[in-house]
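At position 169 of the sequence shown (counting the first as 1) the number is 169 in full-length UniProt numbering, and the numbers step up by one without a gap.
Inspection log for the structure reproduced underneath, given as structure tokens.
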Amino acid sequence: MSFMDDQNKNLILATGLSFLVIMVWFFLFPPPEAVTEGEPTVATQQTAVAPSATPDAPTTAVPPDADLPETRRVAIDTPRLQGSISMLGGRLDDLSLKSYHETLDPQSQIVRLLSPVGQPNAYYALYGWTPAGALGYEDVPGANTTWTQVGSGALGVGQPVTLQWDNGKGLVFTRTISVDDHYMFSVAQSVENNSGQAVQLAPYGIVARHGKPLNLQNFFVLHEGVVGRADGKLTETKYDKVAELPQVAREGAQAEVIDAQQDGWIGFTDKYWMTTLIPQQGQPFTSVTKYVPGADIYQAETREQLVTVAPGATAEVSSRLFAGAKEWETIRAYQNEGAIEPTEGAEPIPGFIDSIDWGWFFFLTKPIFTVLHWLNHMIGNMGLAIIALTFLLKALVLPLAYKSYVSMARMKELQPELEALRERAGDDKMLMQREMMRLYKEKQVNPAAGCLPILIQIPIFFSLYKVIFVTIELRHAPFFGWLKDLSAPDPSSIFNFFGLAPWAAPTPGSTMALIFIGILPILLGVSMWLQQKLNPAPADKAQAMIFAWMPWVFMFMLGHFASGLVLYWIVNNLITFTQQYVIMRSHGHHPDIFGNIRASFSRKPAAQPAGKAANDSAAPAKKRKP
Numbered sequence: 001m002s003f004m005d006d007q008n009k010n011l012i013l014a015t016g017l018s019f020l021v022i023m024v025w026f027f028l029f030p031p032p033e034a035v036t037e038g039e040p041t042v043a044t045q046q047t048a049v050a051p052s053a054t055p056d057a058p059t060t061a062v063p064p065d066a067d068l069p070e071t072r073r074v075a076i077d078t079p080r081l082q083g084s085i086s087m088l089g090g091r092l093d094d095l096s097l098k099s100y101h102e103t104l105d106p107q108s109q110i111v112r113l114l115s116p117v118g119q120p121n122a123y124y125a126l127y128g129w130t131p132a133g134a135l136g137y138e139d140v141p142g143a144n145t146t147w148t149q150v151g152s153g154a155l156g157v158g159q160p161v162t163l164q165w166d167n168g169k170g171l172v173f174t175r176t177i178s179v180d181d182h183y184m185f186s187v188a189q190s191v192e193n194n195s196g197q198a199v200q201l202a203p204y205g206i207v208a209r210h211g212k213p214l215n216l217q218n219f220f221v222l223h224e225g226v227v228g229r230a231d232g233k234l235t236e237t238k239y240d241k242v243a244e245l246p247q248v249a250r251e252g253a254q255a256e257v258i259d260a261q262q263d264g265w266i267g268f269t270d271k272y273w274m275t276t277l278i279p280q281q282g283q284p285f286t287s288v289t290k291y292v293p294g295a296d297i298y299q300a301e302t303r304e305q306l307v308t309v310a311p312g313a314t315a316e317v318s319s320r321l322f323a324g325a326k327e328w329e330t331i332r333a334y335q336n337e338g339a340i341e342p343t344e345g346a347e348p349i350p351g352f353i354d355s356i357d358w359g360w361f362f363f364l365t366k367p368i369f370t371v372l373h374w375l376n377h378m379i380g381n382m383g384l385a386i387i388a389l390t391f392l393l394k395a396l397v398l399p400l401a402y403k404s405y406v407s408m409a410r411m412k413e414l415q416p417e418l419e420a421l422r423e424r425a426g427d428d429k430m431l432m433q434r435e436m437m438r439l440y441k442e443k444q445v446n447p448a449a450g451c452l453p454i455l456i457q458i459p460i461f462f463s464l465y466k467v468i469f470v471t472i473e474l475r476h477a478p479f480f481g482w483l484k485d486l487s488a489p490d491p492s493s494i495f496n497f498f499g500l501a502p503w504a505a506p507t508p509g510s511t512m513a514l515i516f517i518g519i520l521p522i523l524l525g526v527s528m529w530l531q532q533k534l535n536p537a538p539a540d541k542a543q544a545m546i547f548a549w550m551p552w553v554f555m556f557m558l559g560h561f562a563s564g565l566v567l568y569w570i571v572n573n574l575i576t577f578t579q580q581y582v583i584m585r586s587h588g589h590h591p592d593i594f595g596n597i598r599a600s601f602s603r604k605p606a607a608q609p610a611g612k613a614a615n616d617s618a619a620p621a622k623k624r625k626p
């Protein structure tokens, strides 16, 4: 057995393990199918269920192309948001994000986040008060209360809107809504008691979704559904799990109730967007996840402590609502400072950065994204930032790669002793194994060290995949030329000769698209193939066949992955090739790259080592009988 055979075996083992992991992932968890609009679910007039209230029966369904319900509205207009607030319930139910379009086309529609009851998949935020003591639900504002605007004008940055409702029994309710220049709404609810007797009531906030989102990804690597935090503990509940919650009698629905003492928040998260209720931090509140089966309504709620309002007194409770894009810098600012710009009195939101789905490898995904974001900020191009990140990651594992090759060099020095052991052990495999382990220990050699540089790439690869898939900073991020979106697969295709032919490429996600791959996947296969040519092909035919097919199998398997991830893998292969070439030459070995390439195209069988050939030729002679 030669030194090069040992190196090839280690490389095949490591590459094979990588291949096996990706194969299992690929077949058990295929990538999400392209989202199609399809036939929208028709929403009903059923509205969110107030805390501890029994829902009324849904009324007649409204056509999916219905206009906004006929009710007076107050416009919302900020640098990043546009929409309106309905005076019916004072609900925030019409909101779009100016900075984000549905597709790469700048003329496409901007992203719609919230929509009112009566439109497909209604999604809105609602505030109110739960009565206690002598008060009834007719005495407090709820989902069907008609509010009146105090003054006039649209809701904008520095331009709050005040709504008011008089219950006619001495209680005057006021709601003041303000918004910053990003995605944070502040909601101040107050009640003035002129009834002549003390009253008790509790404020609440609700985010409600009628049915599951139309563009639900349903992919294992991504969390979609309810996300929340209570006293430092993060909870994530997918829609299917929400619908399986146990029935809670006092809620009149299936629910999970969590009492928080110090801090927390709760809401719904999509892949890139989120709507989250944030009560005052440092005070007890109740967090509720609820599903109403009859109306198919999912709810996230915050309920604050019961308030007693004396005659002639006024009580006020403030909370916040995040409704917008899950931008890392924005959410981090709310977590650390409570506001985008330092603001006196702004409350930080503990753990808010975890509303971004960092996954099980959060200890890798968080720092990887932080560095990637910083590089993108410095360079101004996300593709170049991915390349720079690859160089940094390879620099970090360079000591390991160097140590690996040193270990392989020591293995080469041990070849005479190993050959002697084989001769002494003969067919006694147990003796051979025991003596080899003793020799490795004595010489301080790790025979598996050659696998480590490749195996270390697996968690990095998965973490970078997670970052590229879930973070909005990669959405529609361009590189150069035809690569307009690094979060999407390479749009080029062999089918139309990479855009030179007058016909379109196959539809992404189709079988044709998996076969007729693009430029980046082909470069990936070539880079893996070139890396192999640092060493001669293994003498063993089975190993040689695996070695020969591996790059091209990977090429097709990874062809549908995000182009940013394929770009990382290509650069990683090229850097690895350069590192190995330099390290090998520094240890006296001169790779015959062109010779190995020529040999791979030759139809002649690879020359076997002299020792092996001699043994093979001698074997038949042993069988001859005189």
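Don't be surprised by glycine CBs; every beta carbon is placed ideally from N, CA and C.
Values in this document were obtained by computation on a predicted structure and should not be read as measured data.
- Exclusion of the five residues before and after Ala-255 leaves Leu-245, Val-248, Val-288, Thr-289, Lys-290 as the residues of its chain whose Cβ lies within less than 7 Å of its Cβ.
- The beta carbon of Leu-483 lies closer than 6 Å to those of Ser-563 in the same chain, with the five residues before and after it left out.
- Here DSSP, grouped into helix, strand and coil, assigns Arg-73 to strand.
- Between Ile-110 and Leu-97, the C-beta gap is smaller than 8 Å, which places the two residues in contact.
- The count of Cβ pairs closer than 8 Å, one atom from the region 152-169 and one from the region 331-350, stays below three, leaving the stretches out of contact.
- At the C-beta level, Glu-442 and His-373 stay beyond 8 Å of one another.
- No residue range can be given for Ala-339, since it is assigned to no beta strand (DSSP E) and is classified by DSSP as neither H nor E.
- Of the residues assessed, Trp-503 falls on the exposed side of the cut-off, its CB having fewer than 16 other CB atoms within 10 angstroms.
- In this chain, the alpha helix (DSSP H) harbouring Glu-419 covers 415-425.
- At the C-beta level, Phe-268 and Gly-225 come within 8 Å of one another.
- One thing to note: Val-566 has its Cβ no nearer than 8 Å to the Cβ of Ile-387.
- Per DSSP, the unbroken beta strand (DSSP E) holding Arg-303 starts and ends at 297-304.
- Comparing alpha-carbon positions, the option among Ile-76, Ala-143, Leu-574 lying closest to Lys-394 turns out to be Leu-574.
- With the rule of 3 Cβ pairs closer than 8 Å, the region 127-144 does not count as touching the region 293-302.
- Residue pairing by DSSP places Val-582 in no beta bridge whatsoever.
- Asn-535 sits in coil when the DSSP states are folded into three classes, being neither helix nor strand.
- Within the same chain, Glu-236, Asp-357 come within 6 Å of His-223 by CB-CB distance, once the 5 residues on both sides are set aside.
- By the beta-carbon neighbour count (other beta carbons within 10 angstroms, threshold 16), Ile-515 is exposed.
- Between the alpha carbons of Arg-80 and Gly-156 lies a distance of about 10 Å.
- Counted as a single uninterrupted DSSP element, the stretch harbouring Pro-459 is not any beta strand (DSSP E) but the alpha helix (DSSP H) occupying residues 457-470.
- The C-beta distance from Ala-310 to Asn-193 rounds to 7 Å, short enough to fall under 8 Å.
- Per the C-alpha coordinates, the member of Val-172, Arg-229, Thr-176 positioned closest to Gly-196 is Val-172.
- Linking Gly-153 to Lys-271 through their CA atoms gives a straight-line distance of about 34 Å.
- For Arg-72, the number of other beta carbons within 10 angstroms of its own is below 16, and it is reported as exposed.
- Counting C-beta pairs closer than 8 Å gives fewer than three between the region 358-371 and the region 271-282, which falls short of the contact rule.
- Counting other Cβ atoms within 10 Å of its Cβ, Gln-189 reaches 16 or more and is therefore classed as buried.
- Residue Glu-347 holds the alpha-carbon nearest to the alpha-carbon of Gly-264 among Glu-329, Gly-359, Val-191, Glu-347.
- The alpha carbon of Gln-261 has as its nearest neighbour, out of Leu-104, Tyr-402, Glu-304, the alpha carbon of Glu-304.
- Pairing Gly-359 with Gly-232 gives a Cβ-Cβ distance that is not under 8 Å.
- Shown here, Gly-383 sits in a helix according to DSSP, grouped into three states.
- With a cut-off of 8 Å on Cβ pairs, the region 197-206 is in contact with the region 119-131, counting three or more such pairs.
- Less than 8 Å separates the beta-carbon of Arg-332 from that of Ile-353.
- Contact check for Ala-323 against Phe-185 passes: the beta carbons are separated by less than 8 Å.
- The criterion of a C-beta distance shorter than 8 Å is not satisfied by Ala-477 and Leu-464.
- The beta carbons of Asn-446 and Ser-510 sit no closer together than 8 Å.
- A check of alpha carbon separations from Phe-461 across Leu-389, Pro-399, Gln-531 identifies Leu-389 as the nearest.
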